[in-house]
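**Student:** First to last, the protein sequences are chains A and B.
The first sequence runs contiguously to residue 86 in my numbering.
The second sequence runs contiguously to residue 786 in my numbering.
Don't be surprised by glycine CBs; every beta carbon is placed ideally from N, CA and C.
Since this is a predicted model, take the numbers as computed values, not measurements.
Sending over a structure as structure tokens; questions will come in a sec.
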Amino acid sequence: MNTLVYLMPIALVLGGLGLAAFLWALKSGQYEDLDGASWRVLDDGDGRPQD
Amino acid sequence: MSCCATAVATTLDAGKAGQTLPTSEELWLASRALRGGLRRTDLSVPGVHCGACITTIEAALRARPEVERARVSLSSRRVSIVWKEEVAGKRSDPAELVRAISERGYETHLFTPREEEGDSVLKQLIRAVAVSGFAAANIMLLSVSVWSGADAATRDLFHWVSAMMAGPTLIYAGRFFYQSAWNALRHGRTNMDVPIALAVTLSYGMSLLETIGHGTHAWFDATVTLLFFLLIGRTLDHMMRDRARSAISGLARLSPRGATVLHADGSREYRAVDEIEPGERLMIAAGERIPVDGRVVLGSSDLDRAVVSGESAPMRVAAGDIVEAGTLNLTGPLVLEATASARESFLAEIMGLMEAAEGGRARYRRIADRAAQYYSPVVHLLALLTFVGWMIIEGDARHAMLVAVAVLIITCPCALGLAVPVVQVVAAGRLFRGGVMVKDGSAMERLAEIDTVLFDKTGTLTVGRPRLVNAAQIAPDALAMAAALAVHSKHPIATAIQDAAPRVSPLEADVREIPGAGIEVETPGGVYRLGSRNFATGGPGSASGQSEAVLSLDRRELACFRFEDRLRPATASAIDQIGEMGLTVAILSGDRKLVVQALAEQLEIKDWKAELSPRDKVQVCADVSDSGGRALMVGDGINDAPALRAAHVSMAPAAAADVGRQAADFVFMHQPLTAVPFAIETSRRAGRLIRQNFALAIGYNLIAVPIAILGYATPLVAAVAMSTSSLIVVANALRLNGLASSSAHEGRWSAAAAQPSGSGR
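Okay, structure coming up:
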């Protein structure tokens, strides 16, 4: 029972972090052009991220 | 890469066909001001479809000094450019940006950004899916511990934590269902969302009571998982519509954004179409579209009225003639006096006709809603009976309520809520790869039911562009000369001559175009003329009028070119396939009788009607539905738009008029007409799968409901049963892709996807 007191918040915080990361990625437009992203991976241009 | 080879090939094309690029003023008008002297322009580039295209366009744009950022989005086929208003003190010209793209062989179009509202809903839905997924996973972990034996204080703790996660999730992610259910109930209807909202709320409330009373069973996991699955279905449904909409709105537009207004003092001003008042004078250059209805004051020209009347031959206009909004000015500059504002123009009248024709469509109820109509009363009655039954047997209200909630959860249309969208998304994906866009899922349901196919002629069965038919009989020299002259004109016949010539070397000399007649050029060798017989040789004009052109040197005939409108590729085989499906085929055209008859005979279509007005076409569609039939209308022009709305379901080629594309349920991107049977076949198959899924869901209920009614449905059983049924339904939907496909269409034309679309006209 005692371990649960630590483990449950830890589990929830870790899950929450994942959720937050996803929401951030969504907000910053990373899912807007999934087709394009799959091509950009293969693009060996000058190596700097294209904005 | 194959696609980029075609892209290069079209470079020449874009050059010679003279794709009208938006003017600088138009681009300024359409761009958005950002902070720091930057502006942003969004362009639709329907031709991009691979990594190389992205790199090419972005590199071309970045090479320009005024460009701050450029990014191509492959999903929406758009490029967004952020550029500086001034570079080194000089005002930059956005037309240069567009030119940089079109020089690489890509067609560009402006689009109206007001279509973007759908995006925010999609984002909200995805966020709701993420939140409910997070909650479902965590609650499920806690529930597994409860199922595997956690009891007393531990179980209560787990239940409380679950309750605290499920509550906010229900409010945040469940609001889509609550809103929709409330909407339906307020109007005295039920839909799929009513049982969902009720089951979710009741199960949460009941679980909370159980938790407070230290009970053993709580349904938080089922509640949230249910929400999660259903939201996935909802999101897929929304995504499908969104994708098609953005692709469709990004294509060529017909109504111009603005026009040059001539003031009395001779000054010019470029103004948005909405701000043009009747009585104002407008400058329309050759190659521009007429923005509002008007009367010609100065100049003469040929007008392409195909989108308005379906007539394939251009019409000559001169001072005093009335012109309609949306028609294309082909050969000479015109000065117009606007006779109506944009709201009252011909286009607006068509819109009115379309709204009036809406009837049949509005009455259509989606298959899921029709199912819900029977489903939800049965489920609610069952739950109520269960409650009453257990009250009679045991007299324990708490236990009776628990069992009733279990019935509600287990029968909740999880599989049904997923079944339809998943099948439709898979089918829409298949259609998309075959070059057909679907506006919404109900269109596929309706397409599966049709028994008649009505085709428009110009632009649908035919490409709407004349083709040189006697090229073999013409001396190569004469053809080359004619093509060199033709480069200077936008007339469809001139374009056809250019297409027929193997190589075109433009003339350096001074070329004049005489609207309604032809082109002439003075060379050291004499005066060359290309145009009507009357114009070229001075002799009498021929009866066949527009279907021939004569090349002459000093009034001496050198060659006579004959033209006919060419059939859309694979038209005959498409008609055959439609016939094999047991459907009736008919032609509805606004064009002249002789032309339509010839085409009908060529395609062996017995049923045809010519010289129809937009109203007549609507009438034909109405007649079909009155006699109990269901018609698919395939058409492209503005004159078809009301009929596209009036028909049970409709389809338009990508090159169609804006209004036509908006009115149609399906839009096909590639040239061949086999897209039509392909779409019908896919829709029918999707319809079969949806019915199978319904059968599966009902079968599942037949097994699960007795278990629930008898009180054996613990939360564990409910969770397992619900998830399995959903997974089975999804797996069945995915079979649509795997089914051995008879669709040569898909394979053949995925290669054609390479063609920058919209280049048909």
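(1) Output the distance between the C-alpha atoms of Ala473(B) and Pro446(B), rounded to the nearest integer angstrom.
(2) Which residue or residues does DSSP assign as beta-bridge partners of Lys634(B)?
(3) If you drop the 5 nearest sequence neighbours on each side, which residues of the same chain put their C-beta closer than 7 Å to that of Leu227(B)?
(4) Please list the partners that Arg152(B) has in chain A, where partner means a Cβ-to-Cβ separation under 8 Å.
(5) Is Val461(B) closer than 7 Å to Phe691(B) when the C-beta atoms are compared?
(6) Taking 8 Å as the limit between beta carbons, can you name the residues of its chain near Ala344(B), skipping five residues before and five after?
(7) Pick out the complete beta strand (DSSP E) segments inside the region 103-130 of chain B, 3 residues or longer, and give them in chain order.
(8) Check whether the Cβ atoms of Thr485(B) and Val659(B) lie closer than 7 Å to each other.
(9) Please classify Thr792(B) as buried or exposed, where buried requires at least 16 neighbouring CB atoms within 10 angstroms.
(10) So that I know if they touch, is there some Cβ in chain A lying closer than 7 Å to that of Phe254(B)?
(11) With distance defined between alpha-carbon atoms, name the residue in Thr133(B), Met265(B), Ala85(B) and Arg296(B) nearest to Trp53(B).
(12) For the beta strand (DSSP E) containing Ser205(B), list its first residue and its last residue.
(13) Quick check: Ala497(B) and Leu555(B), are their CB atoms within less than 7 Å of each other?
(14) In chain A, what lies closer than 7 Å to Ile257(B) by C-beta?
(15) Give, in chain order, every residue of the region 48-72 of chain B whose Cβ lies closer than 7 Å to some Cβ of chain A.
(16) Would you kindly report the start and end of the unbroken alpha helix (DSSP H) that includes Cys646(B)?
(17) Roughly how many angstroms lie between the CA atoms of Ala635(B) and Ser652(B), to the nearest whole one?
(18) Report buried or exposed for His212(B), applying the criterion of at least 16 other Cβ atoms within 10 angstroms of its Cβ.
(19) Got a sec, what are the start and stop residues for the beta strand (DSSP E) Thr241(B) sits in?
(20) For the candidate residues Arg580(B), Gly459(B) and Pro358(B), whose alpha-carbon lies nearest to that of Ile539(B)?
(21) Looking at C-alpha atoms only, which residue of Ile612(B), Leu406(B) and Glu629(B) is the closest neighbour of Leu637(B)?
(22) State the CB to CB distance for the pair Ser577(B) and Thr596(B), rounded to an integer number of angstroms; the pair is presumed to be in contact (CB under 8 Å).
(23) If we require 4 or more residues per run, which alpha helix (DSSP H) segments fall completely within the region 396-447 of chain B?
(24) For a test of the three-state rule: what should DSSP assign to Ile518(B), helix, strand or coil?
(25) Give a single yes or no on whether Pro220(B) has its beta carbon closer than 6 Å to a heavy atom of the ligand ATP.
(26) By the 7 Å beta-carbon criterion, what residues does the region 212-245 of chain B contribute toward chain A?
(27) With burial defined as no fewer than 16 other Cβ atoms inside 10 Å of the residue's Cβ, what is the status of Cys29(B): buried or exposed?
(28) Please name the residue in Ser100(B), Gln149(B), Arg124(B) and Leu59(B) whose C-alpha comes closest to that of Glu110(B).
(29) Between Ala689(B) and the rest of its own chain, which residues show a CB-CB distance below 6 Å, the 5 nearest in sequence each way excluded?
(30) Would you mind telling me which residues of chain B sit closer than 7 Å to Leu52(A), beta carbon to beta carbon, in chain order?
(31) With a cut-off of 8 Å on the beta carbons, I'd call Pro667(B) and Val643(B) a contact; round off their distance for me.
(32) For Lys482(B), which residues in the same chain have their Cβ closer than 7 Å to its Cβ, ignoring the five residues on either side in sequence?
(33) Distance, Cα to Cα, His516(B) vs Leu355(B)?
(34) Does the region 734-748 of chain B touch the region 412-432 of chain B, meaning 3 or more C-beta pairs lie closer than 8 Å?
(35) Pick helix, strand or coil for Met658(B), following the three-state DSSP scheme.
(36) Based on the DSSP secondary-structure assignment, which residues constitute the bridge partners of Asn354(B)?
**Tutor:** According to the structure shown:
(1) Stepping through the second sequence from its first residue, residue 473(B) is reached at position 448. Stepping through the second sequence from its first residue, residue 446(B) is reached at position 421. Cα-Cα distance, rounded: 16 Å.
(2) One-based indexing of the second sequence puts residue 634(B) at position 609. Note: Lys634(B) sits in a beta bridge opposite Leu613(B).
(3) By 1-based counting over the second sequence, the position of residue 227(B) is 202. The residues are Val430 and Leu433.
(4) In the second sequence, residue 152(B) corresponds to position 127, counting from 1. Result: Leu58 and Leu61.
(5) Walking along the second sequence from the start, residue 691(B) turns up at place 666. Walking along the second sequence from the start, residue 461(B) turns up at place 436. Yes; because the gap between Cβ atoms is below 7 Å, this pair is in contact.
(6) As a working mapping, residue 344(B) is identified with position 319 in the second sequence. Within the same chain, Ala344(B) has close Cβ partners Val321, Val322, Leu323, Gly324 and Ser325.
(7) Runs of beta strand (DSSP E) with 3 or more residues, each lying fully within the region 103-130 of chain B, are found at 103-109, listed in chain order.
(8) In the second sequence, counting from the first residue as 1, residue 485(B) sits at position 460. In the second sequence, counting from the first residue as 1, residue 659(B) sits at position 634. Against a cut-off of 7 Å, the Cβ pair of Val659(B) and Thr485(B) comes out as a contact.
(9) Outside the displayed range of chain B (26 to 786) lies residue 792(B), so it cannot be described from this structure.
(10) Residue 254(B) sits at position 229 when you count from the first residue of the second sequence. It does not: the Cβ of Phe254(B) has no partner Cβ on chain A nearer than 7 Å.
(11) As a working mapping, residue 53(B) is identified with position 28 in the second sequence. Closest option to Trp53(B), Cα to Cα, is Arg296(B).
(12) Position 180 of the second sequence, counting from 1, holds the residue named residue 205(B). Run containing Ser205(B): none in the beta strand (DSSP E); it sits in the alpha helix (DSSP H), Ala177 to Arg211.
(13) Reading the second sequence from its first residue, position 472 is the one you call residue 497(B). Reading the second sequence from its first residue, position 530 is the one you call residue 555(B). Cβ atoms of Ala497(B) and Leu555(B): not closer than 7 Å.
(14) As a working mapping, residue 257(B) is identified with position 232 in the second sequence. Those within 7 Å of Ile257(B) in chain A number zero; the least Cβ separation is about 15 Å.
(15) none
(16) To locate residue 646(B), count along the second sequence from 1; it is residue 621. Where Cys646(B) is concerned, the enclosing alpha helix (DSSP H) stretches over Pro639 to Asp651.
(17) As a position in the second sequence, residue 635(B) is number 610, starting the count at 1. As a position in the second sequence, residue 652(B) is number 627, starting the count at 1. Whole-angstrom Cα-Cα distance: 21 Å.
(18) Numbered from 1 along the second sequence, position 187 holds the residue referred to as residue 212(B). Exposed is the label assigned to His212(B), since fewer than 16 other Cβ atoms lie within 10 Å of its Cβ.
(19) Counting from 1 along the second sequence, the entry for residue 241(B) is found at position 216. Boundaries cannot be given for Thr241(B), as no beta strand (DSSP E) includes it and DSSP labels it neither H nor E.
(20) Locating residue 539(B) in the second sequence gives position 514, counting from the first residue. It is Pro358(B) whose Cα lies nearest to the Cα of Ile539(B).
(21) The residue labelled residue 637(B) in the question sits at position 612 within the second sequence. If we check each option's Cα against that of Leu637(B), Ile612(B) comes out closest.
(22) As a first step, residue 577(B) must be located in the second sequence, where it is residue number 552. As a first step, residue 596(B) must be located in the second sequence, where it is residue number 571. With 8 Å as the limit, Ser577(B) and Thr596(B) do not qualify as a contact, their Cβ atoms being about 35 Å apart.
(23) Given a length threshold of 4 residues, each whole run of the alpha helix (DSSP H) inside the region 396-447 of chain B is given here in chain order: 422-436.
(24) Taking the first residue of the second sequence as 1, we reach residue 518(B) at position 493. Three-state DSSP puts Ile518(B) in a helix.
(25) Among the ligands in the structure shown, none appear at all, so the ligand ATP cannot be discussed.
(26) none
(27) Indexing the second sequence from 1 puts residue 29(B) at position 4. Residue confidence for Cys29(B) is low, a pLDDT of 48 falling below 50, so the modelled location carries little weight and cannot support an answer.
(28) Sequence index remark: in the second sequence, residue 110(B) carries index 85 (1-based). The shortest Cα separation from Glu110(B) among Ser100(B), Gln149(B), Arg124(B) and Leu59(B) belongs to Leu59(B).
(29) In the second sequence, the residue the question calls residue 689(B) occupies position 664. Cβ neighbours of Ala689(B) beyond the five flanking positions: Leu669, Ser675, Met676 and Ala677.
(30) Position 17 of the first sequence, counting from 1, holds the residue named residue 52(A). Per Cβ cutoff of 7 Å: no residues; Leu52(A) is ~10 Å from chain B at best.
(31) Residue numbering aside, residue 667(B) sits at position 642 when the second sequence is read from its first letter. Residue numbering aside, residue 643(B) sits at position 618 when the second sequence is read from its first letter. Contact between Pro667(B) and Val643(B) holds, with the beta-carbon distance rounding to 5 Å and staying under 8 Å.
(32) As a first step, residue 482(B) is located in the second sequence; it is residue number 457 there, counting from the start. These residues qualify, in order along the chain: Gly335, Ile612, Ser614, Asp616, Val621 and Leu624.
(33) Walking along the second sequence from the start, residue 516(B) turns up at place 491. Walking along the second sequence from the start, residue 355(B) turns up at place 330. C-alpha separation (whole angstroms): 6 Å.
(34) yes
(35) Counted from its first residue, the second sequence places residue 658(B) at position 633. In this structure, Met658(B) counts as strand in the three-state DSSP scheme.
(36) Stepping through the second sequence from its first residue, residue 354(B) is reached at position 329. According to DSSP, residue pairing for Asn354(B) in a beta bridge involves Leu328(B).
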